[in-house]
Each structure stands twice: as structure tokens, then as C-alpha cells.
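Visitor: Going by the working numbering, the sequence shown opens with residue 1, and the numbers climb by one from there.
Don't be surprised by glycine CBs; every beta carbon is placed ideally from N, CA and C.
All of these numbers come straight from a predicted model, not from anything done at the bench.
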Amino acid sequence: MRKLLVIGIGAGNPDHMTVQAIDGLNRAEVLFIPDKGAKKNDLAELRRQICDRFVTNPNSRRVEFDVPVRAEPAPSYRSTVDDWHEAIAAIYEGLIRDELSQNGCGAFLIWGDPSLYDSALRILERVRMRGNVEFELEVIPGITAVQALAASHRTALNRIGDAVQITTGRRLTEEGLPDNAGSTVVMLDGKCAFNTLDDKDLVIHWGAYLGTPGEILISGRLGDVGDEIAKTREEARRKKGWIMDTYLLRKPGEPEE
């Protein structure tokens, strides 16, 4: 039976690669490299650099494939994502069927960790449910943007005895910051949702292109640095054509007992 490895490759620094991930790359006969277009070529190039650096298997080959662009949410975000995932599932099925032998091993290289705000595992489950190709699945974890953010800012994610929440910019805008949120990590925020919050005394630790040579870090009181982050973010996105950023929000000081 075909074997698929879903490998977390870290948040942008090739040094994030674990020994387990490197071993996985070298077990695979085919390495699947997604291409999200010219504006995001840096993401495919990093995967290529990782393969160049760590793959020693002489029988390994790379297969690059185009990822369709997700439509703007209409009539709803969930239905738009569902349609997008269905289109990608059809591509995955073709890759597995056409590029892997019946007993072959292939690997998908996943930014960060496959378990956190990445849809590869859900999409592969769609492929499995179609029933046209059979495969075994193995997941290899990777360093997330959340970990890279905390490390770059030299801070712990949690305060003593406090909770950590991970959410999205969309939900932060719609629901705000819960009173008992403790430390909140926000991902997938394309519209600077932090600027919609009323509490300007919150501390924010923000980072973009984490782990890469172009990493950008800003931290401070939200009321003091919120506009600076929004401006820096837009300038960076315009310059590179894409941006990946994550941030941590918390109230100042330690939580009460």
C-alpha cells in the first residue's frame, strides 16, 4: 500500500527541521512541493532549499504542483473553504495515483506543524473518503509559528497558572478578547484585528516571516504600537507580495490568584 508522510518543516528557518523530519524526507521517494504562484514563490523556494540541504536519498525526486487560489468568501467563509479543499483534494488524489507506485512512499512538506491551522490532513481524509486510492498516513510534527514567535520575543506563552488561547483574526474581530483569555495567540489575521480591541493597555508581541532572514518583530503596549504594526505589515506585504504574521496578546502583569 502507498505510504504518505505529512511532515512539519517549521515556521521558516531550515534549522527548525527535526531529526524525525529529516529522516522522513529521506524515506520518501517523491517529495510534493506546492506552488502558490509567483507572489508566494518564497514559500516553494524554502521547501526546495530544505530538500537541497537535507535530502541524501539518491532515489528521491520532487514533484511540484499548483495550488488553486481560494475564492473570496461567498456566500460564506466555510462554504468557500469547503469548495477550495475539494479542488485541492482532486489534485492530491491525482498526485498520489500518478506519482506513487502501489508500494511507494511520498511526502507533503507542511509549513509549521500539520496540526495547527493547516488543512493537509483534512484534505487527505477527503481523498481517502473518495475511495479511489488507498494509502497509509504518518504525521511528523514540526515547530509552529506560535513557538517561533515566543522564542523570537524571548517570552513564555503562558503566565503562571494561566491559560493560553489560540484563535484567528476573524474570530477576534467577531468575538473580541474573552475576559478569561489569559494569553491569546492570533493567527490568520489579514486585517489587523488587534486594532478593533477596546483595551489599548494590552501587551502585544507581533512577528512576521518568523525564522527567516527577513523576520520582523514589534512588541509593546497595543495603544502605542498598534498603528506601527499595521503600517509595517502593509509595507512588508506590498514589498514581498505576501506576508505571514502571528501575534500574542495579554494583559500586563501577572494574573491574579
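1) Given Y209, which residues of its chain have a CB within under 7 Å of its CB, disregarding the five upstream and five downstream residues?
2) Among the residues of its own chain, which have a CB less than 7 Å from the CB of Q20, if the five just before and after it don't count?
3) Assuming W242 is part of the alpha helix (DSSP H), what are its boundary residues?
4) For E86 and R126, which I take to be in contact (beta-carbon distance under 8 Å), what is that distance rounded to the nearest angstrom?
5) Beta-carbon within less than 7 Å of I88's beta-carbon, same chain only, minus the 5 sequence neighbours each way: which residues are those?
6) Pairs of beta-carbons, one from the segment 225–233 and one from the segment 157–176, closer than 8 Å: are there three or more?
7) Going by C-alpha distance, which of T80, G182 and A145 is nearest P252?
8) Under a three-way DSSP split, which group does E134 fall into?
9) Candidates D35, R154 and I96: which alpha carbon is nearest S219's?
10) Within a Cβ cutoff of 6 Å, which residues of the same chain sit near A145, ignoring the five residues on either side of it in sequence?
11) Give me the Cα-Cα distance between G106 and D198, rounded to the nearest whole angstrom.
12) Taking Cβ positions, are G104 and E29 nearer each other than 8 Å?
13) Do A193 and V186 have their beta-carbon atoms positioned less than 8 Å apart in this structure?
Guide: With the given structure in hand:
1) In the sequence shown, residue 209 corresponds to position 209, counting from 1. If the five residues before and after Y209 are omitted, its C-beta is found closer than 7 Å to the C-beta atoms of G12, E215, I216 and M244, all from its own chain and listed in chain order.
2) Taking the sequence shown and counting its residues from 1, one reaches residue 20 at position 20. Result list for Q20: I140, in chain order.
3) The residue given as residue 242 occupies position 242 in the sequence shown. Premise fails: W242 is in no alpha helix (DSSP H) and is neither H nor E.
4) Looking up residue 86 in the sequence shown gives position 86. Looking up residue 126 in the sequence shown gives position 126. The beta-carbon separation of E86 and R126, rounded to 7 Å, stays under the 8 Å limit for a contact.
5) By one-based count along the sequence shown, residue 88 stands at place 88. Cβ neighbours of I88 beyond the five flanking positions: V67, P68 and I123.
6) Two segments are said to touch when three or more pairs of C-beta atoms, one from each, lie closer than 8 Å; by this definition the segment 225–233 does not touch the segment 157–176.
7) Translated into positions along the sequence shown, residue 252 becomes position 252. Residue G182 is the option with its Cα nearest to P252.
8) Indexing the sequence shown from 1 puts residue 134 at position 134. Residue state, collapsed to three classes: coil.
9) Working through the sequence shown from its first residue, we reach residue 219 at position 219. Taking only the C-alpha atoms, the option nearest S219 is R154.
10) Numbered from its first residue, the sequence shown carries residue 145 at position 145. Contacts found: A11, G112, L210 and T246.
11) For the purposes of this step, residue 106 is taken as residue 106 along the sequence shown, with counting starting at 1. For the purposes of this step, residue 198 is taken as residue 198 along the sequence shown, with counting starting at 1. Their Cα atoms are separated by approximately 48 Å.
12) For the purposes of this step, residue 104 is identified with residue 104 of the sequence shown, where counting begins at 1. For the purposes of this step, residue 29 is identified with residue 29 of the sequence shown, where counting begins at 1. In this structure, E29 lies closer than 8 Å to G104 by Cβ.
13) Position 186 of the sequence shown, counting from 1, holds the residue named residue 186. Position 193 of the sequence shown, counting from 1, holds the residue named residue 193. Inclusion of V186 and A193 in the CB contact set at 8 Å is warranted, their separation being smaller than that value.
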